[in-house]
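The opening position of the sequence shown corresponds to residue 72 in the working numbering, with each subsequent residue numbered one higher.
We put the beta carbon where it would ideally sit given N, CA and C, even for glycine.
Because the structure is a prediction, the values reported are computed rather than measured.
The block underneath contains the structure these notes are about, expressed in structure tokens.
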Amino acid sequence: MKSYRKELWYNTETRRKLINITPQIENCLSESGIKEGFLLCNAMHITSSVFINDDESGLHSDYEKWLEKLAPEKPYDQYRHNGYEDNADAHLKRTIMGREVVVAITDGKLDFGPWERIFYGEFDGKRRKRVLVKIIGE
Ligand code: ZN
């Protein structure tokens, strides 16, 4: 069995951002040489997410509105977590958008449904943060 590990770094210019990281994940897969197996991709921070959905700008603005209804960023003092920090909303957004995805690898490719793409969801950005890619198989 082969094993591959890589950390991808992101530093968004805004507090919240969704990034399609599928091309970078595909690069990892081809670098690994693994043809059959599983790929795990997870955010290594508790205020950002990795999830799979459609790369469609209307949907992305729907996510922003929906998440702001569920866990609005402001006012900061509505959250008990916000003492020295101001990112309680980001922790909550990360929880609902998820920590990781697992994708089957078949014939050296991500075995996706037709519109599936992998996204990094940043909810407390403007600093360097990591995503882990782990692939096992043969
Ligand atoms: Zn915090």
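Check, Outcome
"Presumed contact (8 Å Cβ cut-off) between Leu79 and Val172, rounded CB distance", "Not confirmed; about 13 Å, so no contact."
"Cβ neighbour criterion (16 or more within 10 Å) applied to Gly196", "buried"
"Contacts around Gln149, its chain only, beta-carbon distance under 7 Å, and the 5 residues preceding and following it disregarded", "none"
"6 Å Cβ shell around His116 - same chain, five flanking residues per side excluded", "Lys200"
"Coil, strand or helix - Glu102 by DSSP", "helix"
"6 Å CB neighbourhood of His131 in its chain, flanking five on each side removed", "Leu89"
"Selection from Pro146, Arg86, Ile92 and Thr83 that minimises the alpha carbon distance to Glu187", "Ile92"
"Among Ile123, Leu141 and Asn153, the one whose alpha carbon lies nearest that of Pro185", "Ile123"
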